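J.:
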Amino acid sequence: MKFPRIYMIALVIVVVAAVIVATVFLTKPTTPQPVEKVFVVGTTYDPKTLDPALVYDIASAIVVQNIYDSLVGYKPGTTELAPKLAERWESDETASVWTFYLRKGVKFHDGTELTADIVKYSIERAKQLQGPPAFLLDVIERVEVVDKYTVRFVLKYPFAPFPSLATFVIFSPVPPNATNLEEKPIGTGPFKLELWKKGEQVVLVANKDYWRDPPKVDKLIIKIYPDPTTLRVALEKGEVDLALGIQPQDIEDLLKNPNLKMVSKEGLVIEWLGMNQRREPLNNTLLRKAINYAIDYDYILNVILRGTASRLYGPLPPAVFGYDPEVEQYGYKYNPELAKKLLAEAGYPDGAGLREFELIISSAERAERKDVAAVIQRNLKEIGISVRIVDLDWPSFLDRLFNHDFDMYMVDWFPDYVDPDDWIVPLFASYGLSLEGYYNPVVDELALKARQITDPEERVEIYKQLQRVIVDDAPWVFLYVPKLYVFMQKNVEGFVLYPAYYIDFYPVVKV
1 MKFPRIYMIA
11 LVIVVVAAVI
21 VATVFLTKPT
31 TPQPVEKVFV
41 VGTTYDPKTL
51 DPALVYDIAS
61 AIVVQNIYDS
71 LVGYKPGTTE
81 LAPKLAERWE
91 SDETASVWTF
101 YLRKGVKFHD
111 GTELTADIVK
121 YSIERAKQLQ
131 GPPAFLLDVI
141 ERVEVVDKYT
151 VRFVLKYPFA
161 PFPSLATFVI
171 FSPVPPNATN
181 LEEKPIGTGP
191 FKLELWKKGE
201 QVVLVANKDY
211 WRDPPKVDKL
221 IIKIYPDPTT
231 LRVALEKGEV
241 DLALGIQPQD
251 IEDLLKNPNL
261 KMVSKEGLVI
271 EWLGMNQRRE
281 PLNNTLLRKA
291 INYAIDYDYI
301 LNVILRGTAS
311 RLYGPLPPAV
321 FGYDPEVEQY
331 GYKYNPELAK
341 KLLAEAGYPD
351 GAGLREFELI
361 ISSAERAERK
371 DVAAVIQRNL
381 KEIGISVRIV
391 DLDWPSFLDR
401 LFNHDFDMYM
411 VDWFPDYVDP
421 DDWIVPLFAS
431 YGLSLEGYYN
441 PVVDELALKA
451 RQITDPEERV
461 EIYKQLQRVI
471 VDDAPWVFLY
481 VPKLYVFMQK
491 NVEGFVLYPA
501 YYIDFYPVVK
511 V
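Now the structure itself:
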C-alpha cells in the first residue's frame, strides 16, 4: 500500500520529534535517591516482651529503651540525672510529693500527644498489670493531674530517690488506645518497631518526628545470635556494626583486630548465686555459709573471667553510693576447711543426708556463666554437696526464676535506677522481688528507713548496717562485678556506654 508524499513527510517529522524528546528526557540529570542508613547490632540477648510495664530483663530493656522514653534520663555516660520527657521536677519538703513538668508537643508514634493524663494512665496501668517490676510502684499512693502538662506523684512515705526511680522503663508512658504492647509497642522514643521475629531479629526504623532531632540512622536491626562464638564471627566478618554479649575469653584477641574498637567502663552490674530459702535444707543459714566458703573466687576471676570482673563481697557494687569498703574484710573468702566445718555444724557432715541441688542458669544471657557454674559445681562436690546444672534459654529461665522453681540460680542484676535502694529493696526486702524467700525483719525495717531519709550521711550509715546483716545471713553466694564492654567496627561513632548499662542507639552513626 502506498502513502501520499505529504503523509510521508509528516510521519518523518513526527518520528524525529519523538526521538528528540526521548533524548532530552533520557539525558536530563536525575536527583540521586538517598542511601538508607542501616545500623546492625548483634547480640545474644533475646527479648521476652516489649511492654514497658512488664519489662524486667536486660534483653527486653535494650529494645524498649530505644522505642520509649522515660520521664527522667541520664547525662551521657554517667549516672547523673537529666531531663527527658519531664523538663524538670520538684518535691515538697518531705520528699513525699513529687511534681513533674512535661515537655510540650511530644508525640507518640501513632500521633497521640503526650499529656499528664496519659502519664497517670500509664502508671495506673502498670500497677494493675502487676508484672515483675510492678513492686517498684508500690511507693506511689496516687497520681494526680495538675494540668495538661503537669503530673504529681503522691507517695506513701518520703522517698528521696524517686527521680532516679523515674529513669526506669516502667515510667515510660504508653498511649491509652494501644493494644498488645507486648508485641506491638508504641512509644515516644527515637525508633519505631517495624518487625520482631522472635529468636531472630528486631527491626526498628527512625522516628522522623522525634521530639529531639531524628536519629542518625534510618534503620536499626538487632540480630539475635544463638551463642557468643557465632556473634564473634559475625563481628569479625563485618556482618554487625556493634556487638553486645562478647565473652571474656574473646576480648584479648578482638582487641588485636585493627578493624574493631572497644568501649569499656566500670559498671554497676552484679552477678550472684541465689539459694531458695522456701525449700529445705537451703533455709539452713549454716549450710548457706558453708556454700559461700566453698567457692574458689580467685579461680573464677582470674582463670574463667580473665580479669574482666572484680569481686563482689556483699549486696552492693563498689561504685554505688553507700558501699562499705569494710565488707571486703568481713565478706566470704575461699576456705574449704571452714566450709566443711560449717557443713557438719549444719547437720550434714561431708554432705551426708543432703539431696542433690538443681542449679538453673542461662548461658544465653551471659556465656561465661556456664564455666563459672561448672567451677561452683566442682567446688561444692569437694565438700560433699552435689549440684546438677540446668542451662535454659533466657525466657524459660525467667519463667522459672519468677515462679521460684529452683534450688539455686545464677543471674546478674542491671540496676533499675542508680541508688543503693535498688539493690537492697528489690533483692533483699520481703516487699521486693523476694526471689529466694529471704526474710529478715531487721533488713525490712532498715531498708524502709533508708528510703525515707533525705540526709546522705544518715543513709550511708544505714546501708553499712544492712550490708553486715545481709552478708551474715548468706542468702546468696556473692560472686563478682563484671566490667562493661562493647565491641564495634572502627567506623562507628556516637555510642556511649553507661554505668547502669543503659543502651542508647539514638546518637549512633557510621562514618
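In this note's numbering, the protein residues as written are 1 to 511.
From the three backbone atoms N, C-alpha and C, an ideal C-beta is built for every residue, glycine too.
Everything numeric in this text was worked out from a predicted model, so none of it was measured.
1) By DSSP's criteria, Gln201 is part of a beta bridge. Which residues make up the other side?
2) Which first and last residues belong to the alpha helix (DSSP H) in which Pro518 is found?
3) Report the rounded CA-to-CA distance for Ser122 versus Val174, giving the unit in angstroms.
4) Would you mind reading off the limits of the alpha helix (DSSP H) that contains Phe406?
5) Quick one, which of Gly131, Ser264, Val146 has its alpha-carbon nearest Ile503's?
6) Exposed or buried, Asp147, counting other C-beta atoms within 10 Å across all chains shown (16 or more means buried)?
7) Under 8 angstroms, with one C-beta from each stretch per pair, do the segment 80-96 and the segment 191-204 reach the 3-pair mark?
8) With a threshold of 8 angstroms, are at least 3 pairs of Cβ atoms found where one atom belongs to the segment 489-503 and the other to the segment 69-77?
9) If you measure between the beta carbons of Gly189 and Tyr56, is that distance less than 7 angstroms?
10) Less than 8 angstroms between the CB atoms is what I'm expecting for Glu182 and Asp51, so what's the real figure, rounded?
11) In this structure, how does DSSP classify Pro4 when only helix, strand and coil are distinguished?
12) Cα separation between Lys37 and Glu493?
13) Please list the terminal residues of the continuous beta strand (DSSP E) segment that includes Val143.
14) Hey, out of Leu268, Gln489, Gly432, whose CA is closest to Glu239's CA?
15) Taking Arg366 as the reference, give the member of Lys483, His109, Pro34 with the closest Cα.
16) Would Asp271 and Leu479 be called neighbours here (beta carbons separated by less than 7 angstroms)?
17) Alpha carbon to alpha carbon, how far is Arg288 from Leu343? Give it in angstroms, no decimals.
18) Quick one: Cα of Thr454 to Cα of Val460, how far?
19) When burial is assigned at 16 or more other CB atoms within 10 Å of the CB, is Pro456 buried or exposed?
20) Leaving out five residues before and five after Phe168 in sequence, what residues of the same chain have Cβ atoms less than 6 angstroms from its Cβ?
21) Based on DSSP bridge pairs, tell me the residues matched to Arg125.
22) Residue ranges of each alpha helix (DSSP H) run of no fewer than 4 residues wholly in the segment 251-289, ordered along the chain?
23) Starting from the C-beta of Leu71, find all residues in its chain whose C-beta is less than 7 angstroms away, skip the five residues before and the five after it, and write them out in chain order.
24) Quick one: any contact between the segment 232-252 and the segment 124-138, if contact means 3 or more CB pairs under 8 angstroms?
25) Taking only three categories from DSSP, how would you classify Gly351?
26) Grab me the residues of Thr285's own chain with a C-beta within less than 7 angstroms of its C-beta, minus the 5 sequence neighbours each way, in chain order.
27) Counting beta carbon pairs with one atom in the segment 243-255 and one in the segment 385-393, are three or more of them shorter than 8 angstroms?
28) Considering only the alpha carbon of each residue, which of Arg103, Val217, Tyr334, Asn66 lies closest to Ala116?
29) Between the alpha carbons of Gly351 and Tyr45, how many angstroms are there, rounded?
30) For Ile246, which option in Glu458, Asp405, Gly42, Glu266 has the closest C-alpha, if you only look at C-alpha atoms?
31) Mind checking Gln65: buried by the 16 CB within 10 Å criterion, or exposed?
32) Between the Cα of Val509 and those of Phe406, Val97, Pro215, Pro158, spot the shortest distance and give me the residue it belongs to.
T.: So, from the data block:
1) Lys197, Lys223
2) Coverage of the chain is limited to positions 1 through 511, which leaves residue 518 absent and any answer about it impossible.
3) 6 angstroms
4) Looking at the DSSP string, Phe406 is not in any alpha helix (DSSP H), and its letter there is neither H nor E.
5) Ser264
6) exposed
7) no
8) yes
9) no
10) 5 angstroms
11) With a pLDDT of only 43 at Pro4, under the threshold of 50, the placement of this residue in the model should not be trusted, and no figure is reported.
12) 14 angstroms
13) 140-147
14) Gln489
15) Lys483
16) Reading off the sequence shown, one finds Glu at residue 271, where the question assumed Asp. It is a contact, given that the beta carbons lie within the stated cut-off.
17) 9 angstroms
18) 11 angstroms
19) exposed
20) Asp416, Tyr417
21) None; Arg125 has no bridge partner.
22) 251-255
23) Lys84, Leu85, Ala86, Phe100, Ala166, Phe171
24) no
25) helix
26) Asp473, Ala474
27) no
28) Arg103
29) 37 angstroms
30) Gly42
31) buried
32) Pro215
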